[in-house]
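Worksheet: the structure to be examined is printed underneath.
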Amino acid sequence: MLRLLGGYLWHSPRPVVRWLIWLSWLSTGLAAWAWVAVASVFNGFSAFLEEVFQRVDPHIRIVGAGLSDSLCDWLGQQPGVLAVSRIYERIAVLKYGQRQAVARLRLVDTLYAEVTHLGAQLVAGMSFPLAPGGVLIGAGVANRLVLLDPAESSLRMYVVLSGQRLAQGNLEALPRKAVVAQGIFSVQKEYDESWVIARQADWPQVHGPYDVVEVRLRPGVTPQKFQSFLRRYLPPTLEVQDPPRQHEGLYRVLAQEKALARLGLILLLLLTASSTLSTLATLFLVNRKDWAVYQALGLPPYKVQRLVGLLGVGLVGAGSGLGLLLGTLTVWLQDRYKFLKLRGGEGFLINYFPVRLAVEDFIWFGVILAALMLGLYGYGQYQLRAFSLRAALQGD
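The opening residue of the sequence shown carries number 4 in this note's numbering; numbering runs sequentially from there.
Structure representation (structure tokens):
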């Protein structure tokens, strides 16, 4: 059976048929390669963003009314907690010469350095511990100020206290002091263009309930498990956010984009299946005498049916299998040698396409491929039942 199948697929006496078979293998192989390559790029960018966020974000972020020192002390006593940081979030205006920029100010305590790994994202200066009067500035904020030297001492910061409105207030009436840009960091646009980090101790005017409490967990403790634990004890006025919840909008956009890309690849596979169907119809037409001869010589009908059905499976399966192997090899080479560069990526955190293989992509492809094979197998059975044995032997 396998020898007969190989003969029809590899050694057809008709050049046109051989070319059609090779074209079907090429199209299905390219579709499979594109599936693996495109999916791995989406996986790579998602994993890269998650890795960048994990360097900066806490494992658990708690927001809402009722954040107090007693709650933070209770959190710090939990066995799975490494550090708890109390944070105020305000609006700040930074002035450097004639330029100024509005930023989101985060006033942090001394434990913030244990909660975040923001120091790994510095592009200039140094990070923790923050010196008195020292601040960390996002690269986007520094660019708006045209702050080239992080040690420049002519930088002033004004803090908008809770309840005040910047648009209607007098800037000089706000609490202000000279600060030093101790470091400049680059994480992602959301952070770089808005964040300024300063010490709580430098701004005693800011007091009252905390705006955010951030928690770093010990190794082996998952944020989702600890989040479930907290929900049993915290009041409903407090929201507990794990890493996906902290960037819910971004992850939703990434998932939608991958879904659209997957839909496009499915349409590509269906288009490839239509060309394969034409090739299978040609194979059946030019070899119909063979099916009649096999039956006339007494070959069991189920074997003829199996042979005809396996032709469709072989047309799709051989090319797809090779395409999957080439796609996996391409992803491995890109991950190891990074030969595909991001155009204009010199100013970004990476300058190459990040890639990552995921088992779910192969499962998706396997399910779709199995459905296509089943459809082609059924088409072969339908054609075999539809033709006339006598007409096939007579060449009509």
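All C-beta atoms, glycine included, are put in the ideal place defined by N, C-alpha and C.
Does DSSP put residue i in a helix, a strand or coil?
{"i": "R359", "result": "coil"}
{"i": "I353", "result": "coil"}
{"i": "A201", "result": "strand"}
{"i": "R64", "result": "strand"}
{"i": "Y254", "result": "helix"}
{"i": "M129", "result": "coil"}
{"i": "F229", "result": "helix"}
{"i": "S88", "result": "strand"}
{"i": "V190", "result": "coil"}
{"i": "E242", "result": "strand"}
{"i": "R109", "result": "strand"}
{"i": "Q208", "result": "coil"}
{"i": "Q234", "result": "Looking at the sequence shown, residue 234 is not Gln but Arg. Helix, per DSSP."}
{"i": "Q337", "result": "helix"}
{"i": "G136", "result": "coil"}
{"i": "Q101", "result": "coil"}
{"i": "Q80", "result": "coil"}
{"i": "E217", "result": "strand"}
{"i": "L150", "result": "coil"}
{"i": "G32", "result": "helix"}
{"i": "L158", "result": "strand"}
{"i": "G141", "result": "strand"}
{"i": "R309", "result": "helix"}
To the nearest angstrom, how far is it from the Cα of residue i to the Cα of residue j?
{"i": "A34", "j": "L274", "result": "10 Å"}
{"i": "G32", "j": "L325", "result": "6 Å"}
{"i": "L329", "j": "W38", "result": "11 Å"}
{"i": "H210", "j": "G136", "result": "18 Å"}
{"i": "G320", "j": "Q337", "result": "25 Å"}
{"i": "D60", "j": "P207", "result": "25 Å"}
{"i": "L233", "j": "L318", "result": "55 Å"}
{"i": "D72", "j": "V215", "result": "12 Å"}
{"i": "E54", "j": "G47", "result": "10 Å"}
{"i": "R107", "j": "F356", "result": "31 Å"}
{"i": "W335", "j": "L327", "result": "12 Å"}
{"i": "I63", "j": "E363", "result": "27 Å"}
{"i": "L266", "j": "W36", "result": "15 Å"}
{"i": "G369", "j": "V162", "result": "57 Å"}
{"i": "L286", "j": "L253", "result": "49 Å"}
{"i": "L396", "j": "L271", "result": "Summary for L396: the model assigns pLDDT 48, below 50, so the residue's position carries little reliability, and this model does not support an answer."}
{"i": "F342", "j": "V256", "result": "27 Å"}
For residue i and residue j, which I take to be in contact (beta-carbon distance under 8 Å), what is that distance rounded to the nearest angstrom?
{"i": "V96", "j": "Q103", "result": "6 Å"}
{"i": "S27", "j": "S278", "result": "6 Å"}
{"i": "Y213", "j": "R89", "result": "5 Å"}
{"i": "D245", "j": "Q227", "result": "6 Å"}
{"i": "L85", "j": "R248", "result": "No, L85 and R248 are not in contact; Cβ-Cβ is about 20 Å, not under 8 Å."}
{"i": "Q384", "j": "V316", "result": "With 8 Å as the limit, Q384 and V316 do not qualify as a contact, their Cβ atoms being about 12 Å apart."}
{"i": "P132", "j": "T113", "result": "7 Å"}
{"i": "L375", "j": "A258", "result": "Between A258 and L375 the Cβ distance is about 25 Å, and since that is not below 8 Å, they are no contact."}
Taking 6 Å as the limit between beta carbons, can you name the residues of its chain near residue i, skipping five residues before and five after?
{"i": "V105", "result": "V96"}
{"i": "Y99", "result": "L148, L150 and L158"}
{"i": "I140", "result": "A184, I187 and V199"}
{"i": "R393", "result": "Model confidence at R393 stands at a pLDDT of 48, short of 50, so the residue's coordinates are unreliable; what they give is reported in the following sentence. Closer than 6 Å at the Cβ level, and outside the excluded window around R393, lies no residue."}
{"i": "Y115", "result": "S88"}
{"i": "E260", "result": "none"}
{"i": "M160", "result": "A95, L97 and V182"}
{"i": "A145", "result": "I187"}
{"i": "Y91", "result": "L110, V209 and D214"}
{"i": "L372", "result": "S323"}
Which residue wins for smallest C-alpha separation from residue i, given the options the options?
{"i": "F45", "options": "G315, A262 and V289", "result": "A262"}
{"i": "A201", "options": "K344, R179 and R219", "result": "R179"}
{"i": "P239", "options": "A42, L70, F51 and V311", "result": "L70"}
{"i": "G378", "options": "L313, A361 and D364", "result": "L313"}
{"i": "V218", "options": "L23, Q57 and F51", "result": "Q57"}
{"i": "S323", "options": "E260, S30 and V19", "result": "S30"}
{"i": "V20", "options": "A284, L257 and D76", "result": "A284"}
{"i": "S189", "options": "V126, A176, L23 and V163", "result": "V126"}
{"i": "G143", "options": "Q124, Q101 and Q191", "result": "Q191"}
{"i": "L52", "options": "Y194, V224 and D364", "result": "Y194"}
{"i": "L280", "options": "V66, V162, V163 and Y380", "result": "Y380"}
{"i": "L288", "options": "Q386, T331 and S197", "result": "Q386"}
{"i": "R93", "options": "L332, S197, W36 and L78", "result": "S197"}
{"i": "W124", "options": "S231, K341, I353 and R388", "result": "Looking at the sequence shown, residue 124 is not Trp but Gln. Nearest option by C-alpha distance: I353."}
{"i": "Q3", "options": "L270, L271 and A134", "result": "In the structure as shown, the chain begins at 4 and stops at 399. Residue 3 is therefore absent and cannot be evaluated."}
Using C-beta distances below 7 Å, list every residue in its chain close to residue i, excluding the 5 sequence neighbours before and after it, in chain order.
{"i": "V41", "result": "A264 and L268"}
{"i": "S130", "result": "L121, G122, L139 and G186"}
{"i": "S43", "result": "V334, V358, R359 and L360"}
{"i": "T282", "result": "L23, I24, S27 and L318"}
{"i": "G83", "result": "L220, R221, V224 and F229"}
{"i": "H250", "result": "F56"}
{"i": "G128", "result": "P153, A184, Q185, G186 and I187"}
{"i": "K344", "result": "N354 and Y355"}
Going by beta carbon distance, what residues of the same chain come within less than 8 Å of residue i, once the five residues before and after it are set aside?
{"i": "E242", "result": "I65, V66 and G67"}
{"i": "T331", "result": "V39 and L360"}
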